[in-house]
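Notes to accompany the following structure.
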Amino acid sequence: MKTLERDVVIIGAGPSGLSAARRLKAAGLSVAVLEARDRVGGRTWTDTIDGAMLEIGGQWISPDQTVLASLVEELGLETFERYRAGESVYISADGTRSTYTGDMFPVGERTEQEMLKLIGILDQLAAETDPAAPWKHPRARELDTISFSSWLRGQSDDEEACNNIGLFVAGGMLTKPAHAFSALQAVLMAASAGSFSHLVDEDFILDRRVAGGMQQVSERMAADLGDDVLLSNPVRFLHWPGEDGTAHDGVTAVADNVTVHARYAVMAVPPNLYSRVSFDPPLPRRQHQMHQHQSLGLVIKVHAVYPTPFWRDKGLSGTCFGAGELVQEVYDNTNHQDPRGTLVGFVSDEKADAMFKLSAEDRRRAILSSIAAFLGEEALSPEVYYESDWGSEEWTRGAYAASYDLGGLHRYGPDQLEPVGPIHWSCSDLAAEGYQHVDGAVRMGLLTADRILAAASGGTSGSAFADAATAPGQG
Ligand SMILES: Cc1cc2nc3c(=O)[nH]c(=O)nc-3n(C[C@H](O)[C@H](O)[C@H](O)COP(=O)(O)OP(=O)(O)OC[C@H]3O[C@@H](n4cnc5c(N)ncnc54)[C@H](O)[C@@H]3O)c2cc1C
Numbered sequence: 015m016k017t018l019e020r021d022v023v024i025i026g027a028g029p030s031g032l033s034a035a036r037r038l039k040a041a042g043l044s045v046a047v048l049e050a051r052d053r054v055g056g057r058t059w060t061d062t063i064d065g066a067m068l069e070i071g072g073q074w075i076s077p078d079q080t081v082l083a084s085l086v087e088e089l090g091l092e093t094f095e096r097y098r099a100g101e102s103v104y105i106s107a108d109g110t111r112s113t114y115t116g117d118m119f120p121v122g123e124r125t126e127q128e129m130l131k132l133i134g135i136l137d138q139l140a141a142e143t144d145p146a147a148p149w150k151h152p153r154a155r156e157l158d159t160i161s162f163s164s165w166l167r168g169q170s171d172d173e174e175a176c177n178n179i180g181l182f183v184a185g186g187m188l189t190k191p192a193h194a195f196s197a198l199q200a201v202l203m204a205a206s207a208g209s210f211s212h213l214v215d216e217d218f219i220l221d222r223r224v225a226g227g228m229q230q231v232s233e234r235m236a237a238d239l240g241d242d243v244l245l246s247n248p249v250r251f252l253h254w255p256g257e258d259g260t261a262h263d264g265v266t267a268v269a270d271n272v273t274v275h276a277r278y279a280v281m282a283v284p285p286n287l288y289s290r291v292s293f294d295p296p297l298p299r300r301q302h303q304m305h306q307h308q309s310l311g312l313v314i315k316v317h318a319v320y321p322t323p324f325w326r327d328k329g330l331s332g333t334c335f336g337a338g339e340l341v342q343e344v345y346d347n348t349n350h351q352d353p354r355g356t357l358v359g360f361v362s363d364e365k366a367d368a369m370f371k372l373s374a375e376d377r378r379r380a381i382l383s384s385i386a387a388f389l390g391e392e393a394l395s396p397e398v399y400y401e402s403d404w405g406s407e408e409w410t411r412g413a414y415a416a417s418y419d420l421g422g423l424h425r426y427g428p429d430q431l432e433p434v435g436p437i438h439w440s441c442s443d444l445a446a447e448g449y450q451h452v453d454g455a456v457r458m459g460l461l462t463a464d465r466i467l468a469a470a471s472g473g474t475s476g477s478a479f480a481d482a483a484t485a486p487g488q489g
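Its first residue numbered 15, the sequence shown is counted upward by one per residue in this note's numbering.
Right, here's the structure in full:
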């Protein structure tokens, strides 16, 4: 077993951990990044399946995600716009298919008015909410103790409007049923993206992709870090000084092939995985409780590659919505300068549960039939078909990211970023701007690095965080 001495040990080589490591190293601190998988990138993963390059995990960048956009540029990567020319397809609650252009689904006049009303209310709430502290909203407790589903129905009696607006956060973002998270959690999602209107506008939220794949962001950061990134090293134990600062000296991370002694540790993994590490001594009661109230959603990201983007010949953009459909959203996901056409679709939460009860063959048939209902029979016969199944990935266990259960956000959120002695927390699941997204992961990595740098230099930032970070046992 190799033993290393470093200033900071980072657990997890996703975009958050690698961003933190890169900034810390640039500032002169020594680092080691321990990664459980045999690759970097975490929930971003670009791979070639049956000859087709697929974005198995995170891929899109929106214009507000400026920190990620700057990093992409700094790393010498190029981006391209999602194909969006032509008409979109909508399937209504009664199964009627229609095409449309613009942002608003082709619904009845009353449903449209109700959707606009709900968007207006959510935009107002988002504007009043600091994504870094949604629990400070004057109505935080009220909004956090009602499910998003019930809250929507309290604002409107139009079921189609409620389902359509629910789709943008429930199936579309948190990948949980709208009864499983609070209205405050939905408002955080909107505030984090700048407004609820941004979530509704797929041309904004799903604007650009990285040519060659999003995983390159992590791969290029890891290349800068060289031997300081150690793959296939799941961290099993983390020894830390304890609440009174006496149990151990600094932190010691014990992974399968390496042990790292450091002054600080960054847990750059999603909160649902914190308990995979045995902390010695155990974490304080508050963290034990808090971490049990954060869970990942579930979505199947479906990829279907065709000889040509056949839908474009019919004047269709490939963008499709149907809140009641098995595949609730479909997009043209054709790779940069690729003559073949790729569609991506999403099967979320309870619909994903139902799909996983089927055989692989029946699931494929059901999913492709759902896509064909939007775009035509040609969709039934792709050259390449692949389902991203993050729920069965040991080092993720769901998709896209974590959210609190009902009431958890205002109850625990204020403490979620507080370091525990020398242990810091960094991932997209805890981000303000870019929450649940790669941009948020990078922002969190940089913020965490800055806070460790401030603490290491004597806590000159004066923030509560920095003060806490210089708590006993910091060395
Ligand atoms: C299907 C899917 C689609 C998505 N689409 C988008 C999108 O279009 N745009 C977007 O911006 N975001 C998207 N996301 C979300 C985005 O990918 C994540 O928010 C982002 O990758 C989170 O980065 P992170 O570094 O915080 O965590 P992760 O990427 O999860 O990285 C954490 C790392 O920690 C490692 N790890 C876990 N436990 C241990 C341990 N004990 N020891 C060592 N290592 C450990 C993991 O293996 C992993 O590499 C998507 C995610 C998924 C799954």
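Cβ coordinates follow ideal geometry from the N, Cα and C atoms, glycine included.
- Rounded to the nearest whole angstrom, the CA to CA distance from A197 to H305 is 20 Å.
- Contact annotation: S30 and S440 have beta-carbon atoms nearer than 8 Å.
- The beta carbon of A413 lies closer than 8 Å to those of R57, G71, T189, L310, G311, L312, V313, K315, S402, W404 and G405 in the same chain, with the five residues before and after it left out.
- Between G55 and G26, the C-beta spacing is not below 8 Å.
- Annotation: Y288 to R326 spans about 45 Å, alpha carbon to alpha carbon.
- The three-state reading of DSSP puts G355 in strand, counting E and B together.
- G359 has its CB no nearer than 7 Å to any heavy atom of ligand 1.
- CA-CA distance, A415 to D52, rounds to 21 Å.
- Straight across, the Cα-Cα distance linking G185 with V361 is about 8 Å.
- Taking 7 Å as the cut-off, one finds no heavy atom of ligand 1 near enough to the beta carbon of Q306.
- Residue pairing for S309: DSSP places it in a beta bridge opposite S417.
- Looking only at P321, M15, A41 and P296, the smallest Cα-Cα distance to S395 is reached by P321.
- Residue side-chain check: Q450 places its Cβ nearer than 7 Å to a non-hydrogen atom of ligand 1.
- Sixteen is the threshold: when 16 or more other Cβ atoms of the shown chains lie within 10 Å of the Cβ of D346, as they do, the residue is buried.
- Taking C-beta separations shorter than 6 Å and ignoring five residues to either side along the sequence, the partners of Q79 in its chain run G448 and D453, following chain order.
- In this structure, the CA atom of M67 is about 30 Å from the CA atom of R37.
- Non-local beta-carbon contacts of Y104 in its own chain, meaning distances under 7 Å to residues more than five positions away in sequence, involve S112, Y114, F119, P120, F335 and G336 in chain order.
- A straight-line Cα-Cα distance of about 45 Å links R124 and G459.
- In this structure, ligand 1 has a non-hydrogen atom nearer than 7 Å to the beta-carbon of P29.
- As for any alpha helix (DSSP H) of minimum length 4 sitting wholly inside the stretch 371 to 442, the runs are 374 to 389 and 422 to 426, ordered along the chain.
- Each residue's CA atom was taken as its position, placing S163 and L420 some 12 Å apart.
- Between I179 and L239, the CB-CB gap reaches or exceeds 8 Å.
- Closer than 7 Å to some heavy atom of ligand 1: that does not describe the Cβ of Y97.
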